[in-house]
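So the sequence shown is numbered by the UniProt record's numbering: it starts at 1 and just counts up by one.
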Amino acid sequence: MDPTHGPIHIDDQIESIEPLYKPPTITHSLNAALYSSKLNVLLIFVPLGFLAHFLEWNSATIFILNFLGLIPLANLLGFVTEDIANRCGQAVGGLLNATFGNAEELIIAVLALMRGEIRIVQASMLGSIISNLLLVLGSCFIAGGYKHKEQDFNKKAAQTNSGLLAIACIGLVIPAAFHFEGSYQDDNANRDNLQHDQDLNLSRGIALVLLVIYVLFLYFQLKTHAYLYREEESEDPELSFGASIFLLSFITIIITFSSDFLIDSIEGIVDLGLNKTFVGLILLPIVGNAAEHASAIKVAMKNKMDLAISIAVGSST
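Dropping the structure here:
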């Protein structure tokens, strides 16, 4: 008797699986950026600031309008960099936030230096460090602690950022101490010129050393010890890659023009009774740190304290 084999039935029905993530369209990306924060209501002051400059309104009005306009621009810049960070991981994300978050401060500092506003640049550097370490980092701890009972962060990564900050502070203190030590010597024109040259050479040398240390830190963070900054989970990007690059470039250009108008109108604020030290120490860091402040608080509330500390402390270094 031959064995009888019944027909073999293969279930060819394959369940359709919906993709977990759909790449956002350009329209969705622009809407997501526009409605990302309530601060975007202040975007109305951006064209008003441009209008005030070209119509040559009084300096105080130009300063106030561009000051208010830079706040949502910095926040938008933080949103875009955070979205790119979701594609690149926590290490590159922290680097992008620290770099482009400081783009506004860097632009303001360069434009102020080109106009000889040394006091404003010095005050804004100090105010930025104080603002990031006290206001931004403290707000992260408060916001994150309010949302989560306990939060963890990478101890080694935090120690590395703190060590870099200490080196940066030493780099600021040494030229100042060297300058004041020489200023107590006898007044002499030749000696003053020699002291000035020595101060300048020392400052340039320290700046070069700090730049090399920062490059080595990037190699440490992104290559040799990337595991210290590795993110366990990431959110889906809300912007398409093309929209992210476009918005990053466009917002940076608008910030450059608004900062230029802001620096040009500082004299009008001084005429109202505010000195340049107050403008550089208090007002400009508020604008410059808006991106870091918003981004750091958002990620702290999402229990990403490594990224929050990287943004706050990394921006200061």
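Note that CB positions come from ideal geometry on N, CA and C, so glycine has one too.
- Between residue 124 and residue 109 a beta carbon distance of about 6 Å is seen, short of the 8 Å cut, so the two are scored as contacting.
- Judged by beta-carbon spacing, residue 179 lies within the 7 Å limit of residue 199, meaning their Cβ atoms are closer than that value.
- Residue 221 sits in a helix when the DSSP states are folded into three classes.
- Residue 36 is not a Cβ neighbour of residue 63, given a cutoff of 7 Å.
- Membership of residue 121 in the alpha helix (DSSP H) is indicated by the continuous run 118 to 130.
- From the listed residues 165, 173, 181, the smallest Cα separation to residue 203 is found for 173.
- Look at residue 36 here: in three-state DSSP terms it is coil, with no helix or strand label.
- Annotated as distal: residue 312 and residue 300, with beta-carbon spacing of 7 Å or more.
- In the three-state reduction of the DSSP assignment, residue 201 falls in the helix class, which pools H, G and I.
- Note on geometry: alpha-carbon atoms of residue 126 and residue 160 lie some 21 Å from one another.
- Distance check between residue 72 and each of 263, 122, 252, 306 places 252 closest, using alpha-carbon atoms only.
- The Cβ neighbour count for residue 59, taken over all protein chains shown within 10 Å, is at least 16; the residue is labelled buried.
- Cβ contact annotation for residue 103 (same chain, cutoff 8 Å, sequence separation greater than five): 77, 252, 255, in chain order.
- Every alpha helix (DSSP H) stretch that sits fully inside the stretch 44 to 75 and reaches 4 residues is listed by chain position as 45 to 54.
- Annotation for residue 285: the continuous alpha helix (DSSP H) segment containing it runs 284 to 288.
- Judged by DSSP in its simplified three-state form, residue 102 adopts coil rather than helix or strand.
- In this structure, DSSP gives residue 148 a state outside helix and strand, which the three-state scheme calls coil.
- Annotation: the continuous alpha helix (DSSP H) that includes residue 256 extends over 241 to 264.
- Assignment of residue 236 by DSSP, reduced to helix, strand and coil, places it in the coil class.
- The Cβ-Cβ distance between residue 84 and residue 96 falls below 7 Å.
- Going by beta carbons, residue 287 and residue 70 fall inside the 7 Å limit.
- Cβ contact annotation for residue 248 (same chain, cutoff 6 Å, sequence separation greater than five): 80, in chain order.
- Here the alpha carbon of residue 157 sits roughly 18 Å from the alpha carbon of residue 138.
- DSSP, reduced to helix, strand and coil, places residue 274 outside both helices and strands of the structure shown, so it counts as coil.
- Around the C-beta of residue 31, fewer than 16 other C-beta atoms lie within 10 Å, and the residue is accordingly described as exposed.
- Within its own chain, the residues whose Cβ lies closer than 8 Å to the Cβ of residue 122, once the five positions on either side in sequence are excluded, are 280, listed in chain order.
- In terms of Cβ geometry, residue 118 and residue 171 do not form a close pair [threshold 7 Å].
- Residue nearest to residue 277 within the set 145, 307, 120 is 120 (criterion: CA-CA distance).
- Take residue 53, set aside five residues on each side of it, and the residues of its chain with a beta-carbon closer than 6 Å to its own are 62, 261, in chain order.
- Taking residue 47 as reference, the option from 65, 236, 24 with the minimal CA-CA separation is 65.
- Residue nearest to residue 212 within the set 282, 243, 168 is 168 (criterion: CA-CA distance).
- Going by beta carbons, residue 100 and residue 306 fall outside the 7 Å limit.
- By the beta-carbon neighbour count (other beta carbons within 10 angstroms, threshold 16), residue 75 is buried.
- Within the same chain, 171 come within 8 Å of residue 209 by CB-CB distance, once the 5 residues on both sides are set aside.
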